[in-house]
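Enquirer: For reference, the structure I am asking about is given below.
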Ligand SMILES: [Zn+2]
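Written out as structure tokens, the structure reads:
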């Protein structure tokens with residue numbers, strides 16, 4: 001009876017954060033799900049850039 005925990009990340013638009021079961025496409029640059037409202041928008045491009053930058057710089061962390 002318990003609900004199976006699902007990874008909400010996989011069905012949430014990475015641009016607007018909207019949770020949608022309709023999301024079937026992913027941004028090829030980030031491999032993150034993006035909804036119909038956000039795909040091919042300036043907002044999406046901005047988020048892609050942010051995501052790539054944060055992966056590039058932020059991942060080299062001082063976690064020692
Ligand atoms: Zn969206």
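Residue numbers (the working numbering): 1 to 64.
Ideal placement from N, C-alpha and C gives every residue a C-beta, glycine not left out.
Since the structure is predicted, the reported quantities are computational estimates derived from the model, not experimental observations.
1) With hydrogens ignored, establish whether the beta-carbon of residue 48 is closer than 7 Å to any heavy atom of ligand 1.
2) Cα separation between residue 15 and residue 50?
3) Report all residues for which the CB-ligand distance to some heavy atom of ligand 1 is below 7 Å; order them along the chain.
4) Please list the terminal residues of the continuous beta strand (DSSP E) segment that includes residue 34.
5) Tell me residue 26's beta-bridge partners as DSSP assigns them.
Expert: Looking at the coordinates:
1) no
2) 11 Å
3) 13, 15, 16, 18, 34, 35, 37 and 38
4) 32-34
5) 33
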